[in-house]
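Peer 1: Residue numbers (my numbering): 188 to 340.
All C-beta atoms, glycine included, are put in the ideal place defined by N, C-alpha and C.
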Amino acid sequence: MPKFFDCKYQISIDGTVTAYRYPYLLTGSSLILKQDSSYYEHYYADLIPYKHYISIKKDLSDLLEKLKWARENDEEVQRIIKRAQRFSQKHSLPNHILCYHMKIFQEYSKRVQSSIEILPEMELVQHEKDESHIKIDHCHCHRTYQDNQQKNG
């Protein structure tokens with residue numbers, strides 16, 4: 188991996204799912220050219236083309252055009268790389284990923300409308316009915332900040 192970021196440009200192309208190396212690319216010193224895709228990770232909605240990466244068409248038909256743009260706009264490319272690195276630092280740390288999953292489970296639990304059936308092969312784990320002890324105070328990711336902003340006006 189030491190020579191991985193020796194390349195000025197990195198192309199992120201899907202396989203059978205989204206490219207697993209994409210979070211690593213965001214931390215690196217190369218410009219990311221990312222294929223448009225229906226596959227996604229939890230943070231993709233927060234990424235902005237030409238701010239954090241360069242978007243390329245799913246069929247790659249504009250790849251040469253985008254590479255030409257990158258070669259002609261090196262200063263902007265460097266800014267995009269720096270923003271991608273900052274994004275990665277803000278969104279890809281393990282505690283931010285944990286926070287994201289906590290938010291999903293909290294939202295999911297609010298939406299469950301049917302009673303949960305405990306099947307014979309399952310074990311019921313008793314818990315307190317008072318859920319005031321469940322807090323995400325230790326979760327300080329951007330999603331919690333956005334939620335607090337919406338609640339407070």
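Please check the pair S199 and A206, which I expect to be a contact at CB under 8 Å, by giving their CB distance rounded to whole angstroms.
Peer 2: Indexing the sequence shown from 1 puts residue 199 at position 12. Indexing the sequence shown from 1 puts residue 206 at position 19. Sure, about 5 Å apart at Cβ, within 8 Å.
Peer 1: Is the beta carbon of H239 closer than 7 Å to that of Y287?
Peer 2: Your numbering for residue 287 matches position 100 in the sequence shown. Your numbering for residue 239 matches position 52 in the sequence shown. Cβ atoms of Y287 and H239: not closer than 7 Å.
Peer 1: Taking DSSP as the reference, what is the three-state secondary structure of K244?
Peer 2: The residue labelled residue 244 in the question sits at position 57 within the sequence shown. K244 falls in the coil class under three-state DSSP.
Peer 1: Report the option in F191, I291 and L213 whose CA atom is closest to the CA atom of R270.
Peer 2: Position 83 of the sequence shown holds residue 270. Measuring from the Cα of R270, the nearest candidate turns out to be L213.
Peer 1: Are the beta-carbon atoms of I243 and Q222 separated by less than 7 Å?
Peer 2: Taking the sequence shown and counting its residues from 1, the one referred to as residue 243 is at position 56. Taking the sequence shown and counting its residues from 1, the one referred to as residue 222 is at position 35. Yes, the Cβ-Cβ distance between I243 and Q222 is below 7 Å.
Peer 1: Under three-state DSSP, which class holds K221?
Peer 2: Taking the first residue of the sequence shown as position 1, residue 221 is located at position 34. In the structure shown, K221 sits in a strand (DSSP, three-state: E or B).
Peer 1: In the structure shown, what three-state DSSP assignment does Q197 receive?
Peer 2: Here residue 197 refers to the residue found at position 10 when the sequence shown is read from its first residue. DSSP places Q197 in strand when its eight states are reduced to three.
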